[in-house]
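The structure appears below as structure tokens.
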Amino acid sequence: MGKVIPFSQIDLYLNSIHPKAQGCLVDTNFLFAAMYKGVHLFSEDAEFLFEKLALYNIPVYTTITTRSELLDLERRIIITEALMGMLAPHSKWRISNEVAKKLKAHKTWIDQEANAGRLPLLTDYRIKQTKELFIPVRASGKNGWLEICDEVLGNLNERMAFIEKGLGLNYLRLRGEDSDARFLNEPLSWSKMHSLLGKTCLSSSDAMLLNVLNHSIFPFIVSGDYDIAYGVLAEPSEKTAIIPDQLYKNKVKNLNFGKSS
Amino acid sequence: MADETPKLPTKEGLKRIQDSIQKRREKIPSDRLVKSIDEITREKFPEVLEKDIAAKTPQKDRNL
Numbered sequence: 001m002g003k004v005i006p007f008s009q010i011d012l013y014l015n016s017i018h019p020k021a022q023g024c025l026v027d028t029n030f031l032f033a034a035m036y037k038g039v040h041l042f043s044e045d046a047e048f049l050f051e052k053l054a055l056y057n058i059p060v061y062t063t064i065t066t067r068s069e070l071l072d073l074e075r076r077i078i079i080t081e082a083l084m085g086m087l088a089p090h091s092k093w094r095i096s097n098e099v100a101k102k103l104k105a106h107k108t109w110i111d112q113e114a115n116a117g118r119l120p121l122l123t124d125y126r127i128k129q130t131k132e133l134f135i136p137v138r139a140s141g142k143n144g145w146l147e148i149c150d151e152v153l154g155n156l157n158e159r160m161a162f163i164e165k166g167l168g169l170n171y172l173r174l175r176g177e178d179s180d181a182r183f184l185n186e187p188l189s190w191s192k193m194h195s196l197l198g199k200t201c202l203s204s205s206d207a208m209l210l211n212v213l214n215h216s217i218f219p220f221i222v223s224g225d226y227d228i229a230y231g232v233l234a235e236p237s238e239k240t241a242i243i244p245d246q247l248y249k250n251k252v253k254n255l256n257f258g259k260s261s
Numbered sequence: 262m263a264d265e266t267p268k269l270p271t272k273e274g275l276k277r278i279q280d281s282i283q284k285r286r287e288k289i290p291s292d293r294l295v296k297s298i299d300e301i302t303r304e305k306f307p308e309v310l311e312k313d314i315a316a317k318t319p320q321k322d323r324n325l
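Okay, here's the thing in structure tokens:
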């Protein structure tokens, strides 16, 4: 049966597994938290854990789904920062009163999200709402959406390469001749992923990650996600999820997946 | 053929990313977004973010 341990027990755990881990899986939540100090609720914990992985020389692997999720988070936080910066008195951006009104409403919502301990990021729906209010190209002294995107998101390709290099991320290639099949104990299949998804109502991206964990040589996954921890516990395979102490204490520690009496 | 030598995480690599984010944020006229969530996090979960990890982790490991 799978197990979950808190970040603070990482030394004990890593010293207890033999042979030494050839790598581990990580999820988007953990990577994002480690990168964004002071933004994510678990950022200090994630930084601590990341440094442990570095100390023990454990390669960090993940899937292209996580790559896509990380890219989306980076896009959303950069555009959120840019749009909120437009509300400042000395902002260089010239916006209409209608746009300013919408951005103030977004700012109120973001503060509420932060107060509730959630990520202070605009949702895609809110970004679309804002995009609709901007003119596409500069007119009447007002900046257009395309030039804003070009300035703040135009270098996203270089940005992601910088992030992936800095994190030391290794992406698993799971299909084709050039695949990383050496990391898998058995081939992956959509049917297994569907079963995982249906078993605990996981999102498809979490189910894909858990499916890889279950069939890989990696003994553990580092995650900031309750659903991943829950999914690992619900599985018969002897895999481990390593999660932030707060999440462990408040939501996972007392979960009982034993046989019902 | 794929290169079979995996990349490794490094403390310095993460620091470079964090510094670049900080630098980007310094260019934003208002940094209230950053301060608000940071303050809230510390207010709401001081015992977990600071004390728990410090108490359970040897000092030498905290000073990586």
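Which chain is which? The protein sequence lines are A and B, in order.
Per our numbering, residue 1 is the first one in the first sequence, and the count goes up by one each step.
Per our numbering, residue 262 is the first one in the second sequence, and the count goes up by one each step.
Backbone N, C-alpha and C fix where the C-beta goes; we use that ideal spot for every residue, glycine too.
Values in this document were obtained by computation on a predicted structure and should not be read as measured data.
- Bridge partners of residue 169(A) according to DSSP: 60(A).
- If you look at residue 220(A), you'll find it isn't in any alpha helix (DSSP H); it sits in the beta strand (DSSP E) that goes 220 to 222.
- Residue environment for residue 220(A): buried (at least 16 other C-beta atoms within 10 angstroms of its C-beta).
- About 18 angstroms separates the Cβ atoms of residue 256(A) and residue 239(A), ruling out a contact at the 8 angstroms cut-off.
- With a threshold of 16 other beta carbon atoms within 10 Å, residue 124(A) falls short and is exposed.
- In this structure, residue 172(A) lies away from residue 28(A), with their beta-carbon atoms at least 7 angstroms apart.
- Taking the C-beta atoms as reference points, residue 229(A) is found nearer than 7 angstroms to residue 243(A).
- Residue-level contact check: residue 284(B) does not touch chain A, since none of the beta carbons of chain A fall below 7 angstroms from its beta carbon.
- Ranked by how close their Cα comes to the Cα of residue 163(A), the residues 267(B), 282(B), 286(B) and 266(B) have 282(B) in first place.
- Considered as a whole, the region 115 to 144 of chain A harbours 124 to 133 as its complete alpha helix (DSSP H) runs of no fewer than 4 residues, in chain order.
- Ranking 138(A), 175(A), 126(A) and 79(A) by CA distance to the CA of residue 154(A) puts 79(A) first.
- Contact check for residue 286(B) against residue 166(A) fails: the beta carbons are separated by 7 angstroms or more.
- Under the 7 angstroms criterion on CB atoms, residue 54(A) is classed as interfacial with respect to chain B.
- Residue-level contact by beta carbon fails for residue 266(B) and chain A, as no gap is shorter than 7 angstroms.
- Segment contact: the region 119 to 135 of chain A against the region 94 to 108 of chain A, three or more CB-CB distances shorter than 8 angstroms; contact assigned.
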